[in-house]
Each structure stands twice: as structure tokens, then as C-alpha cells.
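> Structure in C-alpha cells, see below.
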Amino acid sequence: MLIILPILTFALLFLFLYNTRKISCLRENFIIAILICGLFLSISTEILSLIKGITYFSISLLWLCSFILMLNLFLQTKRSITFIKPKNLSFFEISSIAGIFIIIIPTLIIALLAPPNTWDSMTYHMPKVMHWIQNKSLIYYPTPESRQLWSAPFAELIILHFQILSHGDRFANMPQWIAFISSIILNSLIVKELYGSRLQQIICALLTATIPMAILQSSSTQNDLICGFLVLSCIYFIIRQLNDSSRIFHVFIWIAAGLAALTKSSALIFLCPFLGWYTLSIFKKYKLNAIIYLIAGTLLFISINLGLYLRNYTLGKDFIDPGKCDTKEVVNQSHEPQLILSNIIKNTALHLNYSIKPLNMQIENAVQSIHSLIGVKIVDNRNTFADYKFALTSATKHEDTAPNPIHMTLILFGFVCFWSFIKNTSAPKPTFWFYLFSILAAWIMFAYLLKWQPWVSRLQTPWFLFCMPLITLILTSRTHKIIQITLLLFAFIFAMPVTFKNSSKKILGTNKNIFKIARIDQYFSNKPDLAFPYQDMANTINNLKIRNLGLGLSGETWEYPIAILLKNSPRIEHLETIPLSPKIYPLGTFIPDAILTNNTHNGEAQIVKSNITFSKVKYLYPLSLYLPDPDNQLKKQFLINTLKNSIEISSQILNPPPQLQNLTVLYQYLDYQNKQIKSILPSEMNSILPDLGNYYDTLFIEGLKLQIQGLANGDQNTFNLGRNKINQWINLVLQNKAVIFKN
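When you number the sequence shown by this note's numbering, it's gap-free, plus one each residue, and the end is 1240.
This is the structure in C-alpha cells:
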């Protein structure tokens, strides 16, 4: 597979840098090579997009030419490759390095074997990649999910190249995994630049590798780890330019900052304090000439993000955030000191979740008490997303919500010990003060700008990453070695469950692990109830050989599995859009051969698009399939089939087979059928027989609901009442069988 081309190009660039740079630090050259490849990938993709050149041929040619160029440059270097072997590694150091590999190897296996399956990946990260491939460009397209458009795209651009070169999503998780190992390497480098010993560098690497959220993210198609790696890169080169007179590091500061902003807009929150530190340092070093560095850096930053900014401005007259209709719900509506303090407390407490129920209850009560003390509601829509109640999550092994309890405890303890550390260190004290200030400022800015939300821990991944170097130095210099070993051991132990028993991508377990579940089913690990309707509906569309499929989906719908399951590569376009979305398709006029909708159209027997009447021919909650129906025959047949199905369901309920006689199974069956009856509006049935739809509503639908209610509450009378209504429905249909089924 041509996926090997970018890997070989990177390897040759890395070796070229090692052979040509005066200071050949393997780790630093590794990071620089990644940044250069990332910059090249983003710029080249933008250029190809301008000519609608995002195709297999052009992407392959791009990387082939890059490989040939790097091979030529590498062969021209005369210096022999010699790698320095580490000397006299202690047992502690060897054990720590082994611990890192115990984590990164399983996560690599998961990243390669498990498909994307998180909510955001299904709704906008991966769908946007599929639309880019179809449209051969990054140009915005009609969609009901605006995050597919305006959100920063760098992580998805990497996936785009991997997806095209490998003809699938087998490597879609790899960008995050690469960011994971790169962050581990980077943090060891930052410790080195902060005058840490080799042992301290290794300890920091292990602490970074054991951050639960980082481990879980490393096998996903989210973008928080990539964002964190790029923020770390910017921080590293800021410190590097403090310790070295080489001006090339200023370039990498702004490349990293630009790519970080191109990955996730929240990167700017974390970057601002560090860029403020950078600004002060260069004014001290270069005086007024620092203005030149800042202007040049800002221009480089803007250039990296220019394509995104121009598309966003065209979309909504805003360079960074045209989707204010989406983001206003996550941005604080008030900045009163008490509300900011509330967010700081909740954000901190969220990570003190050790999965010990009595302790969690004490923490939740303490948070409630503090809010009462400062006179703020713990749930206030001005600083809380969607009025979510504050609680320590039970989903501690899920990549959307996992806390980092050990690391937050170490951070808090490190802050307490900072004064003692700073008094006794021989390294330049201003560097540590600025680092500490930047950490605290980033945490406060995050609480100041963004509302608290249950999955906020995922967004805070960069903060935990860049906390580790300073915390490592503080703790290793002020604690006994036995305590250090104990802390690392605890961090490692807490990392094991999230490494091997990721909620949506388990690598261990007797049944539901990635080795025993079919890849196609793993797409639905976070939403298993969607597996059957999506797969069955896709099979129907594949059998019909549909070439142009219209999607009538609402926002937040799992769109990506639809594209994955369709085998005939139809053109897929959204028919339902929002005001912010473009109205013109990049590939030109689109007339659908079929329409697939979710529950926004559940009850409609027909919909009209492009002056064509489409009738519902199939319904599996939550999806409906519509086909062209000029003479209404498909509509009539679907209504009759729905009635026949209601009789079959009713018979199953009145005379349940053995497999439905278990009350739990019966409840699940009734609940599923209750969703299925939404396939048609009762009023549509009145065209077959007057008042038939009204009886369908008051007898069949109501009977199902009463039976579900009776089972849920253990109320036999309510259950029997529902049973009687269903019996009446059967009798009614059978009495009018000749009229209803005459055709």
C-alpha cells in the first residue's frame, strides 16, 4: 500500500536532519521532522483543494515526489549514521522505559485494529473526510452538522491522506497515536531543557504515558492529543530559544502554534500564556527588534490557517468562529468571579475521581458545600453546558469522559511544593516561575472562557500534558526515591485498566474485545442499538444499486457508518441543512435516486425533493428509506405492510413464544417495537379505511405504551389494559380484512 510513502518520507527527513544539523539530538530531530511533515501536508492539501485535486493519483504523486526528493537529499549527506547508546541505565530507568512500552504497544494494536467509533468521530470528524474525498476539495458543502465545516481541520487532514492512500480507515487512529508517543518524547525533552537529569526525563516520560485520557485518546480519531502535542511543541521551542541563540527555533514556535490552532480552537487558550512568556523573553533578548520576530511569526501563523480562515469568512463573515450558533452554548455567558471560581472547582474536582464510591460522594458533597459558601448554584446555565448536573462520572474508561485522578493529585501536590523547590534549585528561577504562571493562567483562562461540561476532561488533555515536566522536576527533587517509585507505581497501575479495557475498544475480556468482535460491528460499540438498522438499511441500498443517495439527517446523527457500509460508492449529499450551511453542492446539481432519513421524518409516508415525490419503503428505527413513487404504489404498499406487521407484532405479544416469556426480554422487545411504530403517521392509514389510523393510535400504539409502562412499574393491571387494547386492534383489522388488504 502507498501508505508507506509518507512513513518513508518522514524517516528520510528525520535521518537527513540528524546528518546535517550541528546538534543532532534524536528526539528533537524526530519532533522537527513531524512538524515539517505536518506543515507540508497542510499546505499541499490546501493547494490541491484549490484545483479539486484531492484524489488518489495526486496524493500518491505528492508523497512519491516527496520521497524521491528526501531520498536524494539524504544520499547527498556524507556523514555516517551513528546512534548514541545509553550507558549505565539503572534498574529504575529500565523499568520505567519498560512501563512506557507496556502502554504504547497495546495502544498501537488497538489503533490499528479498532475502527473509529466515538460520537464526534461518527458525526463530524470522519464524515467531513468522506465528503472531502468525494468532492476532491476542502470546499464547504451543504450539511446539517456545521462542525463538519468550520471546525479546525488539521487532524482530519492527516486522516484524509491516510484514508486515500490506504483505501480505508485502517490507519485513521494513527495520527492520535503518533501524537501520543511524540508527546511522551517531547515532555522528556522539556525536562532536559529545564535542566533535568536523565532519570527525571524518563520519569516525566512515564508520567505522560500514564495519563488516562491520553491513553484512551491515542487509539481514536478525536483531535485532543494532536492539539496537545502541538501545544507542547510550541512550549518546547519557546524554552529552547531561551537556552540557545539559534534563530531557527523561532520558526518552529510559530509552526507549532499555527498547526495547533489549525487542529482545535481551544489550543489558543493554552497557548496564550506561553506566547506571552515568549513575547517577554524576546523583548528582553532582542529589544525593539523583537517586533520583527512577532510580525514574522504572526504572518506565518496566519499563513498556516489562511485556507480555514477564508472558508470560514465566506461561510459566516467570521475568520475563526462562523458557527456561533454552535459555540455560544459552550462559552460562558457571564464572567463573574464566583462563576469562574465555580468552574475552576468543578474542573479540578472532576479529575479527583478514583472510582471509590464513598470518596466520590464526599467530593461531590464538598463541591456542593463550596458552591453554597460562595453563593453560586452548582448548576447555572451561565457557566454550565445544557444544565448538566455536576457528578463524578462512572465512565472512567471512556475516551470522552475519563478523569486523570493520580495526575491531578500530583499536580496539586506539586503546586504546594513549588516554593520549596524554587528555593533549592540551581537552575534559572525565572524560567520555572514563568512556567508555573503559564500553567495556572491556562487553567484559569479555560474556566473563564468555557462552560463546565461532563466531557470537559477530554478538552483539558493538553493542560495535563504540559503540566508533567514541571511537576516531575518538583516531585523528584523534593521527595524520597521510595515515594517517587510509589507514585509512579500508582500511576502505572491506574493506567492499566484504560490501556487494556477501554470502554469502546477493549483488548482484554472474555467476550467483547476487538479480537472477537467483527470490525463492522465495532463502529457501533458506543451505540450498539444502531448496528442492525444501519447494516440492514445499507444492505437494501446496496442491493438497489443506488448511485445518488440523499441524506435527510438532523445534526448529531451518526453519518459516517452510512458511508462505510455502502459498497457501490454512491454520491452522498445532504438534503437537510441549517441556515449557516452552503446551499450549492461542490460537484454540481444533485438529484437523488433514494433518500435516507433519520427520525426527523419518521412519520411521513412521502417527502418531495427536486420536484420528485419519494415514498417510504422501509423503516428501521431510526432510519427511513424513500424511493421515487410517481404513482403512489410504493406508499400504499408500505402502509399495508405496516398493518400486516402490526398484526404480527400483536400476535407475538398476545401469544409470546418461549424467547419472549422472560419479562426483561419482553420489555426490550416491546420497547423496540414502540420505536418501530413511529414509521407511519396514523392519519396516513385513514386513506385505506376511515378512522383506521385513529384506531391504530388509540389501540395499537397506546396498547404498546401501556404494556411497557406496566412492565416498568410492575403494574399487572396496566399491562393487562394494554393487552386488551392490542387484542381489540387485531379484531378490528381482521373484521375489515377484505377492505384493508383488497389490493
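Cβ atoms here follow ideal geometry from the backbone N, Cα and C, with glycine treated the same way.
(1) Identify which residue in 751, 1051, 781 and 930 has its Cα closest to the Cα of residue 497.
(2) Quick one: Cα of residue 1147 to Cα of residue 1123, how far?
(3) Closer than 8 Å is the cut-off here; do at least three beta carbon pairs connect the region 1165-1185 with the region 1193-1200?
(4) Please specify which runs of the alpha helix (DSSP H), each continuous and at least 4 residues long, are wholly inside the region 921-975, giving them in chain order.
(5) From 517, 708, 1236 and 695, pick the residue whose C-alpha is nearest to that of residue 963; which is it?
(6) So within the region 1099-1155, which uninterrupted beta strand (DSSP E) runs reach at least 3 residues, ignoring any that extend past its ends?
(7) For the structure I just gave you, are there three or more beta carbon pairs, one from the region 671-689 and one from the region 633-644, closer than 8 Å?
(8) Short of 6 Å in beta carbon distance, which residues of its chain neighbour residue 984, apart from the five on each side in sequence? Order them along the chain.
(9) If you drop the 5 nearest sequence neighbours on each side, which residues of the same chain put their C-beta closer than 6 Å to that of residue 618?
(10) Could you give the DSSP three-state label for residue 1072: helix, strand or coil?
(11) State buried or exposed for residue 1235, treating a residue as buried only when at least 16 other CB atoms are found within 10 Å of its CB.
(12) Closer than 8 Å is the cut-off here; do at least three beta carbon pairs connect the region 969-987 with the region 732-745?
(13) Given a cut-off of 9 Å, decide if residue 1207 and residue 1219 are closer than it, judged by their beta-carbon atoms.
(14) Please report how far the alpha carbon of residue 1170 lies from the alpha carbon of residue 833, in whole angstroms.
(15) Is residue 828 helix, strand or coil by DSSP?
(16) Cβ atoms of residue 831 and residue 661: under 9 Å apart, would you say?
(17) Find the nearest neighbour of residue 760 within the set 853, 687, 912 and 654, judged by alpha-carbon distance.
(18) What's the call for residue 1213, buried or exposed, on a 16-neighbour Cβ count within 10 Å?
(19) Out of 949, 920 and 680, point me to the one whose CA is closest to residue 885's CA.
(20) Got a sec: does the ligand FMN put a non-hydrogen atom nearer than 8 Å to the Cβ of residue 633?
(21) Below 8 Å on the Cβ atoms is my guess for residue 812 versus residue 1077; work out the distance and round it to an integer in Å.
(22) Buried or exposed for residue 913, please, with buried defined as at least 16 other CB atoms from any protein chain shown within 10 angstroms of its CB.
(23) In whole angstroms, what separates the C-alpha of residue 651 from that of residue 766?
(24) Could you check which residue in 1103, 527 and 1107 has the C-alpha nearest to that of residue 1086?
(25) What are the start and end residues of each continuous alpha helix (DSSP H) run of 4 or more residues lying completely inside the region 645-687, in chain order?
(26) Is residue 730 closer than 9 Å to residue 895 when the C-beta atoms are compared?
(27) Near residue 1067, which residues of its chain fall below 7 Å by C-beta distance, leaving aside the five closest residues on each side in sequence?
(28) Starting from the N-terminal side, write out each stretch of the alpha helix (DSSP H) that is 4 residues or longer and does not extend beyond the region 731-781.
(29) Jot down the residue ranges of each uninterrupted alpha helix (DSSP H) in the region 992-1080, minimum 4 residues, whole runs only, in chain order.
(30) Which same chain residues, not among the five before or five after residue 907, have their C-beta less than 6 Å away from its C-beta?
(31) With a Cβ-Cβ cutoff of 9 Å, do residue 868 and residue 841 count as a contact?
(32) Taking three-plus beta-carbon pairs below 8 Å as touching, is the region 533-542 in contact with the region 746-756?
(33) For a test of the three-state rule: what should DSSP assign to residue 1084, helix, strand or coil?
(34) So for residue 615, helix, strand or coil by DSSP?
(35) Spatial neighbours of residue 837 within its chain, please: CB distance less than 6 Å, with the 5 preceding and 5 following residues excluded, ordered by chain position.
(36) For the region 1147-1228, which segments carrying the alpha helix (DSSP H) assignment without a break, of at least 4 residues, lie completely within its bounds, in sequence order?
This is what the structure holds:
(1) Since the first residue of the chain shown is 498 and the last is 1240, residue 497 is not available in this structure.
(2) Stepping through the sequence shown from its first residue, residue 1147 is reached at position 650. Stepping through the sequence shown from its first residue, residue 1123 is reached at position 626. Looking at the two C-alpha atoms, the distance is approximately 26 Å.
(3) yes
(4) 926-946, 953-956 and 958-975
(5) Against the sequence shown, residue 963 aligns to sequence position 466. Looking at the Cα atoms, 708 is the closest of the given residues.
(6) 1103-1106, 1109-1117 and 1120-1125
(7) no
(8) Residue numbering aside, residue 984 sits at position 487 when the sequence shown is read from its first letter. Around residue 984: no qualifying Cβ.
(9) As a working note, residue 618 is residue 121 in the sequence shown. Hits under 6 Å: 718.
(10) Numbered from 1 along the sequence shown, position 575 holds the residue referred to as residue 1072. Note: residue 1072 maps to coil in three-state DSSP.
(11) Against the sequence shown, residue 1235 aligns to sequence position 738. Per the 10 Å Cβ criterion, exposed.
(12) no
(13) By one-based count along the sequence shown, residue 1219 stands at place 722. By one-based count along the sequence shown, residue 1207 stands at place 710. A contact, by the Cβ cut-off of 9 Å.
(14) The residue given as residue 1170 occupies position 673 in the sequence shown. The residue given as residue 833 occupies position 336 in the sequence shown. Distance between the alpha carbons of residue 1170 and residue 833 is about 49 Å.
(15) Here residue 828 refers to the residue found at position 331 when the sequence shown is read from its first residue. Of the three classes helix, strand and coil, the one that applies to residue 828 here is strand, per DSSP.
(16) By one-based count along the sequence shown, residue 661 stands at place 164. By one-based count along the sequence shown, residue 831 stands at place 334. Contact flag unset, no.
(17) Counted from its first residue, the sequence shown places residue 760 at position 263. The candidate whose alpha carbon is nearest that of residue 760 is 654.
(18) Position 716 of the sequence shown, counted from the first residue, corresponds to residue 1213. Exposed, because fewer than 16 other Cβ atoms sit within 10 Å of the Cβ of residue 1213.
(19) One-based indexing of the sequence shown puts residue 885 at position 388. Taking only the C-alpha atoms, the option nearest residue 885 is 949.
(20) With respect to small molecules bound, the structure shown includes none, and the ligand FMN cannot be examined in it.
(21) Translated into positions along the sequence shown, residue 812 becomes position 315. Translated into positions along the sequence shown, residue 1077 becomes position 580. With 8 Å as the limit, residue 812 and residue 1077 qualify as a contact, their Cβ atoms being about 7 Å apart.
(22) The count along the sequence shown starts at 1 and reaches residue 913 at position 416. It counts as exposed.
(23) Indexing the sequence shown from 1 puts residue 651 at position 154. Indexing the sequence shown from 1 puts residue 766 at position 269. One C-alpha to the other measures close to 17 Å.
(24) The residue labelled residue 1086 in the question sits at position 589 within the sequence shown. Comparing Cα-Cα distances from residue 1086 to each of 1103, 527 and 1107, the minimum goes to 1107.
(25) 651-663
(26) Working through the sequence shown from its first residue, we reach residue 895 at position 398. Working through the sequence shown from its first residue, we reach residue 730 at position 233. No, these two residues do not count as a Cβ contact at 9 Å.
(27) Along the sequence shown, read from residue 1 onward, the residue named residue 1067 stands at position 570. Here the set comprises 1043, 1044, 1045 and 1046.
(28) 745-760
(29) 1016-1019, 1028-1041 and 1057-1062
(30) The residue you call residue 907 lines up with position 410 of the sequence shown. Cβ within range, chain order: 968.
(31) Looking up residue 868 in the sequence shown gives position 371. Looking up residue 841 in the sequence shown gives position 344. Against a cut-off of 9 Å, the Cβ pair of residue 841 and residue 868 comes out as no contact.
(32) yes
(33) Numbered from its first residue, the sequence shown carries residue 1084 at position 587. In the structure shown, residue 1084 sits in coil (DSSP, three-state: anything other than H, G, I, E or B).
(34) As a first step, residue 615 is located in the sequence shown; it is residue number 118 there, counting from the start. Correct three-state label for residue 615: coil.
(35) Position 340 of the sequence shown, counting from 1, holds the residue named residue 837. So the qualifying residues of the chain are 944 and 945.
(36) 1160-1173, 1179-1182, 1189-1192 and 1199-1210
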